[in-house]
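FYI, in our numbering the residues of the sequence shown are 437 to 718.
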Amino acid sequence: MLKKFVSSVIQSKKTKGIEDQLKTKLLSKVPFLQGADDELIQDLASALVTSSVAQDETIFNEGDQGDSLFLIVDGSVSVVSKGEEIAKLGVGGCFGEGALIRQEARGATVIAIEAVTLLELKRESFDELTEKYRKVRLRLRQLHERRKAEDIGKSIERNLLSNAPFLSGAGADLINELAVYLERKKYAEGETIIKEGEEGKSMFLVENGTVGVSKSGSQVAELGPGACIGEGALFSRKPRSASVTALSETSCLFLSKGAFDRIIGRYPVFGKKLRAIHTDRS
437 MLKKFVSSVI QSKKTKGIED QLKTKLLSKV PFLQGADDEL IQDLASALVT
487 SSVAQDETIF NEGDQGDSLF LIVDGSVSVV SKGEEIAKLG VGGCFGEGAL
537 IRQEARGATV IAIEAVTLLE LKRESFDELT EKYRKVRLRL RQLHERRKAE
587 DIGKSIERNL LSNAPFLSGA GADLINELAV YLERKKYAEG ETIIKEGEEG
637 KSMFLVENGT VGVSKSGSQV AELGPGACIG EGALFSRKPR SASVTALSET
687 SCLFLSKGAF DRIIGRYPVF GKKLRAIHTD RS
């Protein structure tokens, strides 16, 4: 009985300490906490766990399976994707939400720039909290989608503009719209991306890696970053005319048929360039 009482007192003090940190340091800096009432702060404080990370220590790696998100109380972190720093986050920064919102593998590696104090929210607590406070999930989803679009937009400019003829002369409006609709998917060496004879529901842009195109089991082409694949079935409304397989670890950006139709409707020059690629391949 005494042990339970002592444990309860310790937990209460920890929760009160986290609650104070949320109110004094994070409330005005964390987007999904803006306007939060005392009840939400109390519930969140009771679910969060404090941890400390030493300078240069990796918090998680790109590709890891994740089951928590983190808030930065003190210090700063570097967010790295494919060996390149894409962001720095300081006090009030939130990261790791994608693993909880969309159950994705970690999209980047996060490393402590200096000694960092974090508040961690595990999946089970996250699910309970966001079931009660739906607005928190909505705001986190919006944060994640905005970050995803920014990351893909940078990748288009960095990896695709110089390699993809159909994107030559693309303006900021087109790039921004593509970034909103494109989704990233990674494939292991030997994994099938497109299967000959299937219905075409999306097109793909090769972001990194190499793919092989085959017809009736025979390879007819090898394509790398900047290549467009799968657009033919969206134009012709016919089954896939070839199979595409990852020849190495490959990252693709895919565009659903609905998004494809919307974008080529709004940007006819882009549509004409894609159609020209399809015509040349036919």
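Beta carbons: idealized from backbone N, C-alpha and C, even for Gly.
To the nearest whole angstrom, what separates the beta carbons of residue i and residue j, a pair I think is in contact under 8 Å?
i       : j       : result
Glu-550 : Ser-512 : 6 Å
Leu-557 : Ile-508 : In fact, because the Cβ distance is near 13 Å, the residues do not count as touching under 8 Å.
Glu-407 : Glu-685 : The question about residue 407 has no answer here: the residues shown for the chain are numbered 437 through 718.
Buried or exposed for residue i, going by 16 or more other Cβ atoms inside 10 Å?
i       : result
Ala-472 : buried
Val-647 : buried
Val-656 : exposed
Glu-643 : buried
Asn-599 : exposed
Lys-439 : Confidence at Lys-439 is low in this model, with a pLDDT of 42, below 50, so its placement is unreliable and no value can be given for it.
Phe-706 : buried
Lys-631 : exposed
Lys-708 : exposed
Lys-568 : exposed
Leu-710 : buried
Going by beta-carbon coordinates alone, are residue i and residue j separated by less than 8 Å?
i       : j       : result
Pro-467 : Leu-641 : no
Ala-678 : Gly-636 : no
Leu-617 : Leu-565 : The residue you asked about is not Leu; residue 617 is Tyr in the sequence shown. Cβ atoms of Tyr-617 and Leu-565: not closer than 8 Å.
Met-639 : Glu-613 : no
Thr-681 : Thr-715 : no
Glu-533 : Leu-576 : yes
Val-485 : Asp-510 : no
Lys-584 : Cys-688 : no
Cα-Cα, which of the options is closest to residue i?
i       : options                               : result
Gln-501 : Ala-535, Ser-488, Ala-490 and Ala-669 : Ala-535
Gly-662 : Ser-591, Lys-693, Glu-533 and Tyr-703 : Ser-591
Ala-544 : Lys-674, Lys-709, Phe-531 and Ala-483 : Phe-531
Asn-377 : Lys-571, Ala-606, Val-546 and Val-485 : Outside the shown range of the chain (437 to 718) lies residue 377, about which nothing can therefore be said.
Ser-464 : Leu-480, Thr-486, Gly-529 and Val-485 : Gly-529
Gly-653 : Gly-633, Phe-671 and Ala-490          : Gly-633
Gln-478 : Lys-651, Ala-490, Gln-491 and Gln-457 : Gln-457
Ala-490 : Ala-548, Glu-533 and Ile-522          : Ala-548
Val-515 : Glu-560, Val-572, Asp-587 and Ile-537 : Asp-587
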